[in-house]
Amino acid sequence: MASLTSSRSDSVGYGVTLTFETLGAEAPLRVRPWDDTLLRVIDGVIALRFDGEEHLLSPGGEAIVPAGFHHTMCAVTGEARIVMGYRRAFKGAA
Numbered sequence: 001m002a003s004l005t006s007s008r009s010d011s012v013g014y015g016v017t018l019t020f021e022t023l024g025a026e027a028p029l030r031v032r033p034w035d036d037t038l039l040r041v042i043d044g045v046i047a048l049r050f051d052g053e054e055h056l057l058s059p060g061g062e063a064i065v066p067a068g069f070h071h072t073m074c075a076v077t078g079e080a081r082i083v084m085g086y087r088r089a090f091k092g093a094a
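In my numbering, the protein residues as written are 1 to 94.
Here it is as structure tokens:
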């Protein structure tokens, strides 16, 4: 089996940061002014609301929230696990 550890000693970045999060019933308002957000549901079902629409996503479901869009996410029942990746949408943005 291949090693899960990189053999590269120098740091390489591709402009993406990954975050794992457990969602509950609360749906605080979120916005990332300069970053597009890719989210993928790992476990549970989430309600994603943005641009005036609600999207239900189950395990394996993905969505992209464009930079600057206000949105909310919450678990439909119990808890849900998601992974989010952020990518700078605008060159030269702060």
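Here a beta-carbon is modelled for each residue, glycine too, at the ideal position from N, C-alpha and C.
### Query
What are the boundary residues of the beta strand (DSSP E) that includes residue 63?
As a position in the sequence shown, residue 63 is number 63, starting the count at 1. Counting along the chain, the beta strand (DSSP E) containing residue 63 begins and ends at 62 to 65.
### Message
Considering Cα atoms alone, identify which of 25, 60, 18 and 68 is closest to residue 33.
### Response
Taking the first residue of the sequence shown as 1, we reach residue 33 at position 33. Nearest option by C-alpha distance: 68.
### Message
Quick test of your reading: residue 27 and residue 72, contact by CB under 8 Å. State the CB separation rounded to the nearest angstrom.
### Response
Reading the sequence shown from its first residue, position 27 is the one you call residue 27. Reading the sequence shown from its first residue, position 72 is the one you call residue 72. Confirmed, Cβ separation roughly 4 Å.
#### Entry: Reduced DSSP category for residue 45 - H, G, I as helix; E, B as strand; rest coil
Reading the sequence shown from its first residue, position 45 is the one you call residue 45. Coil.
### Message
For residue 57 and residue 79, I'd like the C-alpha separation in whole angstroms.
### Response
Along the sequence shown, one-based indexing puts residue 57 at 57. Along the sequence shown, one-based indexing puts residue 79 at 79. C-alpha separation (whole angstroms): 13 Å.
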